[in-house]
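**Student:**
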Ligand SMILES: C[S@@+](CC[C@H](N)C(=O)[O-])C[C@H]1O[C@@H](n2cnc3c(N)ncnc32)[C@H](O)[C@@H]1O
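Numbering (full-length UniProt numbering), first residue to last: 1 to 264.
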């Protein structure tokens, strides 16, 4: 058994936070969101992921009178929020954007980038950051339960390094607790199954990249992930779950957060 297959007793593997630093984040957009999403995982950022993010980011007309609350978990470089905000520049609705991550480097980079766009919105948008490991099993005290209109988790789950059965499931539960009753969880994650991989040499590249990111860089933790198990986790926390697979990417939209263990 390799050390990788022999996780610590709590099912946690070394955190991915050391991988994301000023250097790796400087080429993240071009390499990960550009090259890898298109050529390796066959789920292009520009034509699939960004339009999905934008669809749920923009507040609907009937909420105009109040502040729209968005929580982005796994902030990365802030690409999705910054790009989606640009398309909201004409809106006159106030927005509060919360970024959650277990890594200070990504939080700082994402915040700076998003604040560059927020500056153009004047008082209408604010950004706050929360340093938090989603595998901790609880929600940060500074965030209210039932506060958010939308929670986004783009490219987060394949980075969660846990083998604990409740690990990833608990993250869906966290999102359900943080969302309003009419709120939506939207996200995507890379599936490692061969059925989602291209054939021939392209498939070999996929398997090599999975091996590299899981075993060498240790920035992925998705070797045991399956669509069925992730879907089961979503259904345990939400009434309505939609799942679609594009290339190797599982896209999910979940509504109707279940108030598990909450009376009344
Ligand atoms: C692959 S990046 C995705 C960034 C962005 N959402 C995107 O799609 O470009 C994964 C992000 O999740 C964060 N992350 C990884 N494990 C985490 C954990 N256990 N708790 C909170 N954030 C985590 C990483 O620091 C990183 O910012």
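Glycine residues also receive a C-beta, built at the ideal position from the N, C-alpha and C atoms.
(1) Indicate whether residue 118 and residue 125 have their beta-carbon atoms separated by less than 8 Å.
(2) Given a cut-off of 8 Å, decide if residue 130 and residue 114 are closer than it, judged by their beta-carbon atoms.
(3) Could you give the DSSP three-state label for residue 241: helix, strand or coil?
(4) Please name the residue in 69, 40, 50 whose C-alpha comes closest to that of residue 200.
(5) Would you give the residue range spanned by the beta strand (DSSP E) that residue 45 belongs to?
(6) Taking the alpha carbon of residue 79 as the point to measure from, which residue in 67, 102, 108 has its own alpha carbon closest?
(7) Where does the unbroken alpha helix (DSSP H) through residue 114 begin, and where does it stop?
(8) Exposed or buried, residue 86, counting other C-beta atoms within 10 Å across all chains shown (16 or more means buried)?
(9) If you measure from the CB of residue 74, is any heavy atom of ligand 1 nearer than 7 Å?
(10) Can residue 239 and residue 224 be called in contact, C-beta distance under 8 Å?
(11) For residue 225, which of helix, strand or coil comes out of DSSP?
(12) Give the DSSP bridge partners of residue 69, in chain order.
**Tutor:** So, from the listed chains and residues:
(1) yes
(2) no
(3) strand
(4) 40
(5) Per DSSP, residue 45 belongs to no beta strand (DSSP E) and is neither H nor E.
(6) 108
(7) 104-118
(8) exposed
(9) yes
(10) no
(11) coil
(12) 96
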